[in-house]
Every structure is written in structure tokens, then in C-alpha cells.
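Heads up, the thing below is written out as C-alpha cells.
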Amino acid sequence: MSSSNWTTDFINPLKNNGISVEKISLPSTILWQIDSKHWQQFAELSIQQNVRWVAGWAEHVEDRFFINACFEKQGVYVLLRSIVNAAKPELPSQATVYPAANRSERHTQDMFGINFVGHPDNRRWTRHKAWPKHSYPLRKNFPVQGEPEPITPADMNYPFVKAYGAGVYEIPVGPVHAGIIEPGHFRFQAVGELILNLEERLGYVHKGIEKIAEGRTPESLARLAGRVTGDTTVGHCWAACRAMEQAAGVEIPPRAALIRGILAEGERIANHLGDMGAICNDVAFVFAQMQFTRLRELWLRTNATVFGHRLLMDRIVPCGVMCDISDSSCALIKQDIIQLRKELSEIMPAIDLNSSLEDRLYTAGYLSPEIAAAFGTLGYVGLSSGQDFDVRRDAPYPPYDQVTFKVALEDQCDIASRFWVRYKQLNAALKLIEQFIAQLAAGDILAEWQTPPAGSEALGIVEGWRGEIITYIRFDADNKIARFYPRDPSILNWPALEKLTLNNIVPDFPVCNKSLNGSYSGNDL
Amino acid sequence: MLQLLKKILKTGVVTEKYKAPKDNELEQLGIQIKRHIDKKFSGSIAIRQVDAGSCNGCELEIHALNNPYYDIERFGIHFVASPRHADVLLVTGPVSRHMQTALLRTYEATPNPKWVVAVGDCAACGGEFGVSYASCGAVSNVIPVDMVIAGCPPTPLALMKGLLGLINP
Chain R
1 MSSSNWTTDF INPLKNNGIS VEKISLPSTI LWQIDSKHWQ QFAELSIQQN VRWVAGWAEH
61 VEDRFFINAC FEKQGVYVLL RSIVNAAKPE LPSQATVYPA ANRSERHTQD MFGINFVGHP
121 DNRRWTRHKA WPKHSYPLRK NFPVQGEPEP ITPADMNYPF VKAYGAGVYE IPVGPVHAGI
181 IEPGHFRFQA VGELILNLEE RLGYVHKGIE KIAEGRTPES LARLAGRVTG DTTVGHCWAA
241 CRAMEQAAGV EIPPRAALIR GILAEGERIA NHLGDMGAIC NDVAFVFAQM QFTRLRELWL
301 RTNATVFGHR LLMDRIVPCG VMCDISDSSC ALIKQDIIQL RKELSEIMPA IDLNSSLEDR
361 LYTAGYLSPE IAAAFGTLGY VGLSSGQDFD VRRDAPYPPY DQVTFKVALE DQCDIASRFW
421 VRYKQLNAAL KLIEQFIAQL AAGDILAEWQ TPPAGSEALG IVEGWRGEII TYIRFDADNK
481 IARFYPRDPS ILNWPALEKL TLNNIVPDFP VCNKSLNGSY SGNDL
Chain B
1 MLQLLKKILK TGVVTEKYKA PKDNELEQLG IQIKRHIDKK FSGSIAIRQV DAGSCNGCEL
61 EIHALNNPYY DIERFGIHFV ASPRHADVLL VTGPVSRHMQ TALLRTYEAT PNPKWVVAVG
121 DCAACGGEFG VSYASCGAVS NVIPVDMVIA GCPPTPLALM KGLLGLINP
């Protein structure tokens, strides 16, 4: 495509509006540095060009803050940066233009004390009561141990949105939920059964991942990245390793890339099997839950046999993978794929023809394409609401640059769409694994690590099972990590849940929530 | 509907049987658990699972205990929605400081006698996260722990073994 690089066309409107861009070359990333006073204006111009807001984070470097935001269009990413003085850390907010930037800016405000002027909602977000108001954990002078009280009190006085009127009542839910699920708080305002408003309050599983990443070695960081969210251990580990490898200029062997592809698609299949069963279970269709948990268990057992870990943790390491795959293992996987297809060909028609499922899943949890776009929703949530984007196709990386596959789409924007998109993705993943196995040629599975010079930085972008994962890494001297920021797709998908539950009934909230299935841990960091 | 019934019939009972292949110790374990539960808890124990800061990996494997292969409920072990109904708290994660009070309150809401099982390496010793401004580390730093099931995450079989250890120390 001739116009594939929107960045060249975008320079002119920027210039015409008096925004001068300093271009800095990074390995496989475009970095633009602008004056902080233009931060918001840049967003105003980029949204006119349908450029997507991807991620935002900051970094404390000596007496300055680097404020970063990442943008994408047509698979081309731009890393935008402004530098502000630590004495007066403020710049105009992009969240007024891109709702997607809202919570990231609040996170940055809580963790660095950076003031995003004009932010539409500058309540605290990640900070509850574990550290005081005017102290900022990601500043370099904040010790990793902090000064916590013996018992951190409950976060009692968060200013939730209120609703008043005859018959309006409030339902607080969480942080400890009724099921085997991560903690978070949901505040509903309802009239009768109808949900008038839902407000999420997350941050309960904030574990200080960004802070404890500082000073780690690449191997140690890969382990931590694999635990950003346990259901996406392959995805996050891959994104972090890719960022570190690009920063260090390391290229992984083709065999390692193919094995990474097999691991990532395997993770997608296991999670989709789990989710599809759970969605049906939330509308009391237990047949599907039993069948899908059974298939998921079989899949995990093959993982254990072939890769030595049911959830595939720590299989990806910097420079490659730590486990090779034998011919007999390939045969086992291929046989499993045939069996899984056969099982699904029996289960899916039974599900498709079930009128109780149809009644509960169709038109419920509607997310309009406009709202999906505004929040930058990703993965199966975006793909069911008109957001046709997949990193594997649009910004392909090895091994996806050697295969062809179809990105699944659904257009009804409801829970049923999010269910069927998962099924289509699952089928595509099975085909991809077959293609990767067919391409496996003998060779190394690990390259040699090269210690990058201090200050080396890069992005690692992969398509996790929930959607695009983007990870930023900067190295310090001596092979140590200076900054690690992983942006899980959940960070952009969670706000969509507040919208898609509106006008649904309270008893349908669990299935609405499951159809999106955001990660709490990946959001809270 | 016919397709559905056909599939159910065709799937049959996949729950793993006693005298299954020799490498399969699941059934053996289950039987022992059941015997002890019968003796000490009149046939059943109720578990309340609390994620106090985990990465969600442990939850996935605890979920698996309810799939048709393990079907832990047949041994009288079942998961309940409220700590007030529970005999055992199954706690995962390093305890994040933001969850500390919630965990303490859950513990207080659980009637005596009660047992606390710390599940996973993070719950056992802090794991990859340790103690920091945001994390209290091991569960035992916050509430008394009766036993630990290690692993990152522990497999469903390890979880079953661990529960047996609790009941038969």
C-alpha cells in the first residue's frame, strides 16, 4: 500500500499547527519528541486522522519526567514523548480528546505526581491507602519498600458517582466476589432490575510490578512479565522479551519464533475454551461449561506433556525459548487438534440451536462501534464491535510474517458476537499451529544475548489472547532494567464494560462481565 | 436438543476412576480425602477461595478442580460464595496492601473452627513479588496459615494432595 505510512502525511498538519517534531530513531520504532505544551493539540490532530491511542506511561529520569504515549494507524506505531521538568510536572491532558487515555493518565498521576491539566476526571485511580497522597511510588526517590502502615486501611471514601431519585438504589459488589475470581469493586445504581450506571473501582491487586521490575536482569524480568496476568503468561512474556531483544539488537532463531507462535496460539485456545464455557455457565447452560472445561483440561494436559507446564509459564525466555519440541510432540499436538475439531463439530451445533442461549446472549451487553472506538477496545471485544485490528496481521512479527490467516469478525456488538468471535479465533489458532508445525526446521532455539548500552529502549508488541499487548523497556547500565511498562489489553477494555452493561438487568451483569473478561491483575499492575 | 443429548451420551463419564492407570493417583487421593472429611466434618467441607493479589494463575487451576476430570465435589469438598459458610479459606497471591483489610475481614467473617490454606508460591513466600510498598508478601504475614500448597501455580493434583494434608496432618 502506497499510503501505508501515515506518519509522513501527518508531519504537515503538525507543522501547519506549529508543532515541531524531533524525530529520534529507535530500533523498529518511530519516536517523536514534542514540546509538552502541544501534548493535547497533537491528540486533537491525530484523532482527526483516525489515529488510534494505544498506551500511555511515564518515566522518571534524573530531574525530569519522560511522558510517553503510543499511537497506531495501519499497523504503524509512533511513540510520542514530551519531557517535563520534575519541579513543575504538568502538561495538557490527552484524555479530553481520547477517552482511551483516561485511566492511564490517572495511573501516571498517582504513580508519578504528574498533573494532566484539564483531565475530565482526575480522581485517584491506582492509589488506595497503601501510600499517602503526596508520595509517588514510581519516582526514583521512593524506596521500593515504601513506608506502609502495619495494616493498610480499607479505601472507604472514594468519591463514587451518585444517583438520586425515587426507586434508585445502589449495589456495592466486591472487592471479594462470590466466585473463584480476582478482586475488584463494582458500584451499580439501579432501578428495579435495570442498571442505570456502573462504576468500576479497580487497583485492589496492585502489586507494584513496575517498581519491582527496576534493576532486574532480562531473565528475571521475563519471569515477572509472565506473572503480570497468569492467564496471559505467554503473551506478556513474549512482549517483554521482544522489547528487550529489540533494545539489545538480538534476533531470535526462526525455530524459536515458531515455537513461540505455537505457545501463544495454544494459550489463546485454552483461554477461549475456558471463556466460552464460562459465558454459557453464567446463563445457567451447564452442558457447555462441562464440555468446554473438559476440552480445556485435555488441552492443558497436552501442554504439560509437550512443554512441561500446564499454563506454559516461563517457556519463553530472552533470546528464544527454553523448551524444544520433538517430532513426537508435534504428532501429539496434531492429533489433539484433529480431536478438538471433531468434538467442537458436535458441541457447537448443539449450542447454536439452543433457544435459551439465544434468548440470553443475543442483543445483551451491546457495545456500539463508536464507543468501542473511543475506548480503543481490543481483541475479541473490539472485533465484535467493528474494531478490525490484529497485531499478527497488521504489524506482523515472526513467525506471523510467514503465514496467512483470517482475522475473525462479528458485527452484532453483543455477547453472542463476543462468544462467536472467540470460536472463530480458536479455529484460526488451530490452523496457525498446524502451519507453524509444518514450517519447523532443525535449528537453535536460543540466540546469544548481547548486553545493550545504557539507555537502550524499545517497544514489544504482540497479539495476546485478549488482544494487543504493548510493552516498553528501557535498559540501565550493566544489563539492568530501568523501566518496564506492560499495557495489557484489559486496560482499554475495562472501561467498555461500564458502557455495555447500561440498560441491561443486574442479573445479566456476570455474563456481560465474562463476555469481556478483563484481567484485574493486568490492569492494576 | 437431540444433538445435545447425543453429545452428553457420547461423552459419558470422564471423571477419573479408581484403579485408573498407575501414574494416576487422583482417585486414590480423593478417596482418602473423603474418608477424613467424613470423620471430621460430617461428610463435607466448604471452601471459600480468596484472591488476595494473585496473577490469576492459581485461580485457573483451582477452577480446574471443578471440571469433570477432577470433580472435587464428589469427595464432599465444595466452594461457597461467602466466608460465613466456609470451613476453609483458600488464599492465593502475595497479599496486596490494597487487599489486606479485605482479607482480614474475610478471615474474621469465617466461623470457627477454620483453616487457612495458602495456595501457590506467592501465597507461600511472596513469590516473584515479595514484600514491597504495594505487597505484604506471604499470606502468613497477614493471617495465621495452617498449611501451604506450593507451586506456580500448583496443579489440580497438587491442590488435592494439599487439601488432604490439611485434613490429615
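Protein chains in written order, with my numbering: chain R, 1 to 525; chain B, 1 to 169. All C-beta atoms, glycine included, are put in the ideal place defined by N, C-alpha and C. Quick caveat, the model's predicted, so the values are computed rather than measured.
- If you keep only unbroken alpha helix (DSSP H) runs of at least 4 residues inside the region 4-62 of chain R, you get 6-16 and 39-48.
- Per DSSP, LEU198 of chain R is not a residue of any alpha helix (DSSP H); the beta strand (DSSP E) it occupies stretches across 194-201.
- In this structure, the straight-line span from the alpha carbon of ILE24 of chain R to that of ILE34 of chain R is close to 11 Å.
- Any Cβ of chain R closer than 8 Å to the Cβ of GLY12 of chain B would place that residue at the interface, and such an atom is absent.
- Counting only runs of at least 3 residues, the region 145-195 of chain R fully encloses the following beta strand (DSSP E) elements, listed from N- to C-terminal order: 168-173 and 185-191.
- For ARG474 of chain R, the pairing in a beta bridge is given by DSSP as R:GLU457 and R:ARG483.
- Note that the region 137-155 of chain B touches the region 113-125 of chain B; at least 3 beta-carbon pairs, one per stretch, sit closer than 8 Å.
- By DSSP's assignment, TRP115 of chain B forms a beta bridge with B:VAL88.
- Taken in chain order, no unbroken stretch of beta strand (DSSP E) lies wholly in the region 348-406 of chain R with a span of 3 residues or more.
- By a beta-carbon distance limit of 8 Å, ALA239 of chain R contacts VAL462 of chain R. Their separation comes to about 5 Å.
- Interface flag for ASP51 of chain B against chain R is set, since a Cβ pair is found closer than 8 Å.
- The straight-line gap separating the alpha-carbon atoms of SER135 of chain B and LEU440 of chain R is approximately 43 Å.
- Against ASP231 of chain R, the close residues of chain B are ASN56, GLY57 and LEU60, in the order they occur along the chain (beta-carbon pairs closer than 8 Å).
- Short of 6 Å from the beta carbon of GLU170 of chain R, and not among the five residues preceding or following it, lie these beta carbons of its own chain, in chain order: GLN189.
- Near chain B, meaning a CB-to-CB distance below 9 Å, the residues of the region 178-201 of chain R are ALA178, GLY179, ILE180, ILE181, GLU182 and PRO183.
- Per DSSP, the unbroken beta strand (DSSP E) holding ILE77 of chain B starts and ends at 77-79.
- When the alpha-carbon of TYR98 of chain R is set against those of R:GLY56, R:LEU273 and R:ARG64, the nearest one is in R:GLY56.
- For the region 116-132 of chain B, residues whose beta-carbon sits nearer than 9 Å to a beta-carbon of chain R comprise CYS122, GLY127, GLU128, PHE129, GLY130, VAL131 and SER132.
- Cβ-Cβ distances below 6 Å link ALA454 of chain R to ASP476 and ALA477 in the same chain, with the five nearest sequence neighbours on each side left out; the list follows chain order.
- Taking all protein chains shown into account, ILE8 of chain B has fewer than 16 neighbouring C-beta atoms within 10 Å of its C-beta and is therefore exposed.
- Secondary structure at ILE445 of chain R: coil, using DSSP grouped into helix, strand and coil.
- The C-alpha of GLU434 of chain R lies about 16 Å from the C-alpha of LYS424 of chain R.
- In the structure shown, the three-state DSSP call for ALA270 of chain R is helix.
- Here SER54 of chain B carries a coil assignment [DSSP, helix/strand/coil].
- Considering only R:PHE10, R:MET156, R:SER515 and R:CYS237, the residue with the shortest C-alpha distance to THR363 of chain R is R:SER515.
- DSSP places CYS136 of chain B in the strand class (E or B) of the three-state scheme.
- Put simply, the backbone Cα of SER385 of chain R is about 6 Å away from that of ASP411 of chain R.
- Contact between the region 179-189 of chain R and the region 200-209 of chain R is present: 3 or more CB-CB pairs across the two stretches fall below 8 Å.
- Proximity of chain R to ILE167 of chain B at the Cβ level (cut-off 8 Å) is not reached, the minimal Cβ distance being about 20 Å.
- Only residues of its own chain outside the window of five on either side were considered, and among them GLY226 and THR233 have a CB closer than 7 Å to the CB of MET313 of chain R, listed in chain order.
- At a cut-off of 8 Å between C-beta atoms, ILE143 of chain B does not count as an interface residue with respect to chain R.
- One Cα belongs to LEU104 of chain B, the other to PHE129 of chain B, and the distance between them is close to 20 Å.
- Chain-order list of chain R residues neighbouring MET99 of chain B: PRO175, PRO183, TYR204 and VAL205, by C-beta distance under 8 Å.
- As the crow flies, the alpha-carbon of GLU16 of chain B is around 8 Å from that of PRO68 of chain B.
- When CB distances to chain B are screened at a threshold of 8 Å, the residues of the region 278-302 of chain R falling below it are PHE287, MET290, GLN291, THR293, ARG294, ARG296, GLU297 and LEU300, in chain order.
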